[in-house]
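**Student:** So the mapping is simple: the working numbering equals the position in the sequence shown, first residue as 1, plus 7.
No residue lacks a Cβ here, since even glycine has one placed at the ideal position from N, Cα and C.
Quantities reported herein were computed from a predicted structural model and do not represent experimental measurements.
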Amino acid sequence: MFHLIARRGMLLRSIVLALLRKRPMAGIEVIREIEKLSMGLWRPSPGTIYPLLKLLEREGLIRSKEERGMRVYELTDRGRVIASELALLLPPESPEEVLDSIEAYVNYLRDYSNERGLDEGIRRRIRVLAEMLRELGEEK
């Protein structure tokens, strides 16, 4: 299923940007990380990844440099802004990434609430989660 979705260019593009947010990577590392994300179900071909990396570079979202005998890709400032918006596509690997995700979801809920309102059941769940986070913030 992942490979069917990922072949639709925008998702793959988003995944590559989100991966490069973690650290600069060579193309082969991007391929391996996507294979890990799909639990081995899909390994994108070099013919898919390298043209995409070249396109992202032309668009000014990433830049490349020679390092360790390989071309290594990293985000530009513009790419970092877009990648931070896409961070929710990947599972968090650190408490900081979890907090970034929570913050993004809080912003979503705020926008949703301003536009459509929230019913009492949702507001109750928000209060419970807020209390859990408050308690967690006070632990030693």
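#1: By alpha-carbon positions, which one of Ser101, Tyr80, Ala90 and Trp49 ends up nearest to Glu64?
#2: Which whole-angstrom value describes the C-beta separation of Gly34 and Ile69, a residue pair presumed to lie in contact below a C-beta threshold of 8 angstroms?
#3: Let me make sure I understand the geometry here. Which of Arg130, Asp118 and Leu106 has the alpha-carbon closest to that of Leu140?
#4: What number of angstroms, rounded off, separates the C-alpha of Leu125 from the C-alpha of Val37?
#5: Could you check if Leu62 is buried or exposed, using at least 16 other CB atoms within 10 Å of its CB as the buried criterion?
#6: Under three-state DSSP, which class holds Glu42?
#7: Report yes if the CB atom of Leu59 is closer than 9 angstroms to the CB atom of Arg20, and no otherwise.
#8: Buried or exposed for Ile116, going by 16 or more other Cβ atoms inside 10 Å?
#9: How would you call Gly23, buried or exposed, if buried means at least 16 neighbouring beta carbons within 10 angstroms?
#10: My assumption, with CB atoms under 8 angstroms, is that Ala25 sits in contact with Leu93. Please give the rounded CB distance.
#11: Can you name the start and end residues of the alpha helix (DSSP H) that Ser101 belongs to?
#12: Quick check on the DSSP output: what are the complete beta strand (DSSP E) runs of length 3 or more inside the segment 62-133, in order along the chain?
**Tutor:** For this structure:
#1: Per the C-alpha coordinates, the member of Ser101, Tyr80, Ala90 and Trp49 positioned closest to Glu64 is Tyr80.
#2: Going by Cβ atoms, the distance from Gly34 to Ile69 rounds to 11 angstroms, so no, they are not a contact pair.
#3: Leu106
#4: 40 angstroms
#5: It counts as exposed.
#6: helix
#7: Yes, Cβ-Cβ distance for Leu59 and Arg20 is below 9 angstroms.
#8: First, the amino acid is wrong: residue 116 is Leu here, not Ile. Under this definition Leu116 is an exposed residue.
#9: Residue 23 is actually Val in this sequence, not Gly. Burial call: buried.
#10: Right, the Cβ-Cβ distance comes to about 5 angstroms (below 8 angstroms), so this counts as a contact.
#11: Premise fails: Ser101 is in no alpha helix (DSSP H) and is neither H nor E.
#12: Entirely contained in the segment 62-133, the beta strand (DSSP E) runs reaching 3 residues are, in chain order, 69-74 and 77-82.
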